[in-house]
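Asker: Quick mapping for you: the protein sequence lines, in order, are chains U and L.
Take my numbering: the last position of the first sequence gets the number 1124, and nothing is skipped along the way.
Take my numbering: the last position of the second sequence gets the number 1171, and nothing is skipped along the way.
Just so it is clear, CB atoms sit at the ideal spot from N, CA and C, and this is done for glycine as well.
Take a look at the following structure, please.
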Amino acid sequence: MNKLKVGVVFGSRSTEHDVSIVTAIASIIKPLQLSGEYEPVPIYIDKSGRWYSDPKLKDISLYSSGQISDFLARQKPIQLSLGGGLKIIKPGLKPKAIKLDVVFPATHGTHGEDGELMGLFELADVPYVGCDMPSSVLAMDKALAKIVTSSQNIPTPEFVWFYAADFAADTQAVVKRVAKLHYPLFVKPVHLGSSIGITKVSQKKDLINAIEVAAHYDNKVIVEEAVANLIEVTVPIIGNDKPVAAYVEQPLLNGDDVFDFDTKYMRGGKGKGSKQTGAQGYSTIPANIDRDLYHRSEQLALDVYAELGCTGIARIDLLIDAKTKSVYFNEVNPLPGSLYAHNWRKAGKSGVQLVSELVELALARHEQNRHKTTVFDTNYLKQY
Amino acid sequence: MRQLLSLYSLRFPRIIIYMLQTSEYRAGPYLRWLWRTGDFSRVSKRGSLKLTNYARLLLIGLVVGIFVELAAGVGLIVVGIVDNMAAYWELGISLMIAYPVIMPNLIVLPLEIGRLYIVEPKQKTKISRASAIFASHPGVKIAVAGSYGKTTMKEVLKTVLSEGKTVAATEANHNVAIEHAKFASRLKGDEQILIIEYGEGAPGDVKRFAANTHPTHGVITGLAPAHLNNYKTMAAVAEDIFSIASYLKAKNIYVNGDSDAVKPYLRDSYIVYGSKGVANWRAVNITVSTKGISFKLKRGHTVIDLNSKLIGRHQVGVLSLAAVLAMELGLTDEQIKAGIAKTAPFEHRMQPYELDGALVIDDTYNGNIDGIKAGTQLLSELKANRKIYVTPGLVEQGSQSEAVHKQMGELIAKAKPDIVVLMRNSVTDYILAGLKDGGYHGETRIETDPLGFYNNLSQFVAEGDLVLMQNDWPDNYA
């Protein structure tokens, strides 16, 4: 039986480069390999944007030991061919071309998850896993996502967004725009995930500093009102036309009501000696909220997924005011770190099942799109 | 080509010593494995050479032997060329090419000589001394024999009887004559009960063990096709195992009635135990769960409530026998209840553990068809999101291999697991045929990398799944 070649693209020029490596190797490549049905082809984009492919790139110790730089120094970057599907070409005396049947993007943040890679795959007409280009662009721009969902009456905290350049040019004008919001506020870079560059601001005097931090990471900044009596929940979803949610999960917040990078990825596990790492050690699944609130959260997440046109996989973050029982949309993560496999496993889907299903969804969407007409005959050129 | 290259790889000597070590340095199994192996690069999949002093010595010996043979070959070629004698250099080349064939066979010679002239005479002396110790020991001596379930029976008896008596038992699966001798040498003489496990492997073993250990009671845990490469027939297995009854003149013999194969050998004087109880004690109200089993042992109006952490209905017989034997040996009901409550699964024998929310039952030390029956029955009794059954099949089934594995496939089909995972080997097709005959409609996966599967089991399971893993094949059976 010929196995489907699945190109797993990870790394890239992003602050979440390292998280992407773990997502790709532990949560995608390994289960794809174990499924027996797919042949994963690792495609690593280094921090300067060069693309590499080699079977050894599937080994996490290459990265954790710091040997990756030496290894890449001995490798030649690959080339891409976009005609008639996506091929990666390994240069050499006799260049070797590998045609990919499906691509599984595993990048987080900029230059990948934000829609750039998806545009490339659309051009190459190759099936790919996860949200398509427009929904990735929307999802990764917190301001755009809020504008679109608000237009469909999906509640979200009051917010203001602006370009970092505008802030640099006229700081007071931006501060004035923010003045309509009620403190405490959250200041965030618009495009970044993993809670990087986020600051909670309780007093006006700290606002400018917080904006400067966010502007350091991104060219666009969003400032939004904090939700009082906060319960933060997140809902992993997969599917195309008929999306399904895993469990509504309640992450542990740090003292500033932020599920930050350190809490998510570094502390890991419940106390000393725990082998668990990442969010799975720092969350409650299912969320410890009443049944009505649980179902409203799940439904709101599914509504956001549909309104933004998400397909394949995404994770919707929500904010709950525990007193008023109001649920607000916060943001979307079109490629959740490690696919949130820990939640799916709890919901009854194994790692192998999850990646297999995601590849199937990618193939189904591609097949569906194939029937769209892309040719329109006219006499337009004849006039010239 | 790959097979040929594997003979001349630098790892070849280590692989040979690994094969010897895995075969427990026994010439027969090692040579059978050696002769049927084509590609030596694929031998060491499940384990690797443990460089003990003995293994290191053998490895050095083998490497030196190879060098001597190569040097002899070079010498013969030089002489042949200098003296223009074709036969010499032809022989030299042959020697150099043939070292992967000659040396791995030659290495068993010193081993066998050592065994015959050094090890065995020493062992005979130790066994003879042990026989005297056992004969003069005043305690009750319970011998545990059978094709399977011996270690569990021994451990359950030890746990329960220890509540009221001083008990000593052979360790783990140390169940052959020399291990019995080591056990005897450690006895203080004041033990009230000795429990001795008999690990049969070839005709006459059990008879010899009984003659050496002088048991007062015998437990026969069941009969199943096992070690048929040596015994050839089930009748020969039965004859050897039931020789313990002859030794005890059919008195104090306890036989597992749940084992269909023992039925032709039952005598009126034997006490039969099983999932229905022991003798006139009946086991009723049996509840099986992933946490353990509970039941009542009832005779007339006397009732004893028993709870154990052991898993599976087939353990009711084992626990009932332990309870009844304990009564006969003078333990109180309270002591028996406490002892039974302490019984828990043993390593790799129906041992449950949690894996990312799934329940895995590790029964990889199970190697017989009755164990498969018990396991598949348990699988059908328990509730789960998905039921996953994993096995490579059974080893040493001799000429009955095809029939046994077809029966195994049918038993698995009857338990209706959602997924059956088989490890690709010589019996896989028989199990598949059995699954088909049993009308199995679930998913079947054939794994070519068993170690990869076991090591990454967490990727295959989700919360609420139940995984039953029965038996495991070391490299020498693959």
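(1) Just to make sure I have the definition right: I need the residues of chain L whose C-beta is within less than 8 Å of the C-beta of Leu774 of chain U. Which are they?
(2) With distances taken Cα to Cα, identify the nearest neighbour of Ala1041 of chain U among U:Ser1078, U:Glu856, U:Ile1056, U:Asp865.
(3) Would you mind telling me which residues of chain L sit closer than 8 Å to Ser1090 of chain U, beta carbon to beta carbon, in chain order?
(4) Of all the options L:Trp974, L:Val1011, L:Asn978, which has the alpha carbon lying nearest to the alpha carbon of His994 of chain L?
(5) Taking only three categories from DSSP, how would you classify Lys816 of chain U?
(6) Please give me, in chain order, every unbroken run of the beta strand (DSSP E) with length at least 3 that falls completely inside the segment 823-904 of chain U.
(7) Using a Cβ cut-off of 9 Å (strictly closer), state whether Ala1027 of chain U contacts chain L.
(8) For the segment 751-775 of chain U, which residues have a beta carbon sitting closer than 8 Å to at least one beta carbon of chain L?
(9) With a threshold of 9 Å between beta-carbons, can Lys798 of chain U be considered close to chain L, or not?
(10) Residues bridged to Ser1066 of chain U by DSSP?
(11) In the DSSP output, what is Ala838 of chain L paired with across the bridge?
(12) Could you tell me whether the Cβ of Arg1085 of chain U comes closer than 9 Å to any Cβ of chain L?
(13) So the candidates are U:Pro895, U:Leu921, U:Val915; which of them puts its Cα closest to the Cα of Lys1065 of chain U?
(14) So, at 6 Å on beta carbons, what are the nonlocal neighbours of Ser968 of chain L in its own chain, with the 5 sequence-adjacent residues on each side left out?
(15) For chain L, find out if any of its Cβ atoms is closer than 9 Å to the Cβ of Thr1035 of chain U; answer yes or no.
(16) Rounded to a whole number of angstroms, what is the C-alpha to C-alpha distance between Val746 of chain U and His757 of chain U?
(17) When the cut-off is 9 Å and only beta carbons count, does His956 of chain U lie next to chain L?
(18) When you compare only the Cα positions, how much space is there between Gly1018 of chain U and Pro991 of chain U?
(19) Between which two residues does the beta strand (DSSP E) harbouring Asn1078 of chain L extend?
(20) Measure from the alpha carbon of Val1095 of chain U to the alpha carbon of each residue in U:Val749, U:Ile768, U:Ala764, then state which is nearest.
(21) Between which two residues does the alpha helix (DSSP H) containing Phe705 of chain L stretch?
(22) Within this structure, are the beta carbons of Gly857 of chain L and Gln1093 of chain L separated by less than 9 Å?
(23) Let me know the beta strand (DSSP E) ranges lying completely inside the segment 955-994 of chain L, each 3 residues or longer, listed in chain order.
(24) Taking only runs that begin and end inside the segment 862-940 of chain L, name each unbroken alpha helix (DSSP H) of 4 or more residues, in chain order.
(25) Alpha carbon to alpha carbon, how far is Asp1142 of chain L from Ile708 of chain L?
(26) For the segment 991-1069 of chain L, list the beta strand (DSSP E) runs that are entirely contained and at least 3 residues long, ordered along the chain.
(27) Helix, strand or coil: which one does DSSP assign to Gly789 of chain U?
(28) Quick one: Cα of Trp791 of chain U to Cα of Pro817 of chain U, how far?
(29) Please list the terminal residues of the continuous beta strand (DSSP E) segment that includes Tyr803 of chain U.
(30) Going along chain U, which residues have a C-beta under 7 Å from Gly892 of chain L?
(31) Could you please give the first and the last residue of the uninterrupted beta strand (DSSP E) stretch that includes Leu925 of chain U?
(32) Using DSSP's beta-bridge definition, name the partner residues of Val853 of chain L.
(33) Any idea if Thr818 of chain L is buried or exposed, counting beta-carbon neighbours within 10 angstroms, 16 or more meaning buried?
(34) Starting from the beta carbon of Arg1138 of chain L, find every residue of chain U whose beta carbon is closer than 8 Å, and list them in chain order.
Answerer: If we stick to the structure as given:
(1) Here residue 774 of chain U refers to the residue found at position 34 of the first sequence. Chain L residues near Leu774 of chain U: Gly1145, Phe1146, Asn1149, Gln1152, Phe1153.
(2) For the purposes of this step, residue 1041 of chain U is taken as residue 301 along the first sequence, with counting starting at 1. Relative to Ala1041 of chain U, the option among U:Ser1078, U:Glu856, U:Ile1056, U:Asp865 whose CA is nearest is U:Ile1056.
(3) Your numbering for residue 1090 of chain U matches position 350 in the first sequence. Result: Gln1152, Phe1153, Val1154, Ala1155, Asp1158.
(4) Numbered from 1 along the second sequence, position 301 holds the residue referred to as residue 994 of chain L. The candidate whose alpha carbon is nearest that of His994 of chain L is L:Trp974.
(5) Here residue 816 of chain U is taken as the residue at index 76 of the first sequence, counted from 1. If DSSP states are grouped into helix, strand and coil, Lys816 of chain U belongs with coil.
(6) Here the runs fully enclosed are 826-830, 836-840, 842-845, 899-903.
(7) If you number the first sequence from 1, residue 1027 of chain U lands on position 287. Answer no: the Cβ-Cβ gap between Ala1027 of chain U and chain L never drops below 9 Å.
(8) Lys770, Pro771, Leu774
(9) Numbered from 1 along the first sequence, position 58 holds the residue referred to as residue 798 of chain U. Not closer than 9 Å to any Cβ of chain L, the Cβ of Lys798 of chain U fails to qualify, so no.
(10) To locate residue 1066 of chain U, count along the first sequence from 1; it is residue 326. According to DSSP, Ser1066 of chain U bridges with U:Asp1061.
(11) As a first step, residue 838 of chain L is located in the second sequence; it is residue number 145 there, counting from the start. The partner list for Ala838 of chain L (beta bridge, DSSP) reads L:Ile913.
(12) Position 345 of the first sequence holds residue 1085 of chain U. Closer than 9 Å to some Cβ of chain L, the Cβ of Arg1085 of chain U qualifies, so yes.
(13) To locate residue 1065 of chain U, count along the first sequence from 1; it is residue 325. The candidate whose alpha carbon is nearest that of Lys1065 of chain U is U:Pro895.
(14) The residue labelled residue 968 of chain L in the question sits at position 275 within the second sequence. Closer than 6 Å at the Cβ level, and outside the excluded window around Ser968 of chain L, lie Asp951, Arg1006, Val1009, Gly1010.
(15) Counting from one through the first sequence, the residue named residue 1035 of chain U turns up at place 295. Sequence inspection shows His at residue 1035 of chain U; the Thr mentioned does not correspond to that position. Cβ-Cβ to chain L under 9 Å: no for His1035 of chain U.
(16) Counting from 1 along the first sequence, the entry for residue 746 of chain U is found at position 6. Counting from 1 along the first sequence, the entry for residue 757 of chain U is found at position 17. Looking at the two C-alpha atoms, the distance is approximately 20 Å.
(17) Here residue 956 of chain U refers to the residue found at position 216 when the first sequence is read from its first residue. Chain L contact via Cβ: absent.
(18) If you number the first sequence from 1, residue 1018 of chain U lands on position 278. If you number the first sequence from 1, residue 991 of chain U lands on position 251. At Gly1018 of chain U the pLDDT is 44, less than 50, meaning the model places this residue with poor confidence and gives no usable figure here.
(19) Indexing the second sequence from 1 puts residue 1078 of chain L at position 385. Asn1078 of chain L -> no beta strand (DSSP E), and no H or E assigned at all.
(20) Walking along the first sequence from the start, residue 1095 of chain U turns up at place 355. For the residues U:Val749, U:Ile768, U:Ala764, the minimum Cα distance to Val1095 of chain U belongs to U:Ile768.
(21) Here residue 705 of chain L corresponds to residue number 12 of the second sequence, with the count starting at 1. Looking at the DSSP string, the run of the alpha helix (DSSP H) that includes Phe705 of chain L is 705-715.
(22) Translated into positions along the second sequence, residue 857 of chain L becomes position 164. Translated into positions along the second sequence, residue 1093 of chain L becomes position 400. No, Cβ-Cβ distance for Gly857 of chain L and Gln1093 of chain L is not below 9 Å.
(23) Within the segment 955-994 of chain L, the complete beta strand (DSSP E) runs of at least 3 residues are 964-967, 974-982, 985-992.
(24) 870-879, 898-906, 921-924, 927-934, 936-940
(25) Here residue 1142 of chain L is taken as the residue at index 449 of the second sequence, counted from 1. Here residue 708 of chain L is taken as the residue at index 15 of the second sequence, counted from 1. Asp1142 of chain L and Ile708 of chain L: Cα-Cα distance of roughly 19 Å.
(26) 995-1001, 1044-1048, 1051-1056
(27) The residue given as residue 789 of chain U occupies position 49 in the first sequence. Looking at Gly789 of chain U - three-state DSSP - the assignment turns out to be coil, as it is neither helix nor strand.
(28) The residue given as residue 791 of chain U occupies position 51 in the first sequence. The residue given as residue 817 of chain U occupies position 77 in the first sequence. Each residue's alpha carbon lies about 5 Å from the other.
(29) Along the first sequence, one-based indexing puts residue 803 of chain U at 63. From DSSP, Tyr803 of chain U is part of no beta strand (DSSP E) but of the alpha helix (DSSP H) over 800-804.
(30) As a first step, residue 892 of chain L is located in the second sequence; it is residue number 199 there, counting from the start. Within 7 Å Cβ-Cβ: nothing; Gly892 of chain L doesn't reach chain U, min ~36 Å.
(31) As a position in the first sequence, residue 925 of chain U is number 185, starting the count at 1. Counting along the chain, the beta strand (DSSP E) containing Leu925 of chain U begins and ends at 925-929.
(32) Residue numbering aside, residue 853 of chain L sits at position 160 when the second sequence is read from its first letter. Its beta-bridge partners do not exist; DSSP assigns none.
(33) Stepping through the second sequence from its first residue, residue 818 of chain L is reached at position 125. Flag for Thr818 of chain L reads exposed.
(34) Indexing the second sequence from 1 puts residue 1138 of chain L at position 445. What Arg1138 of chain L touches in chain U: Gly776.
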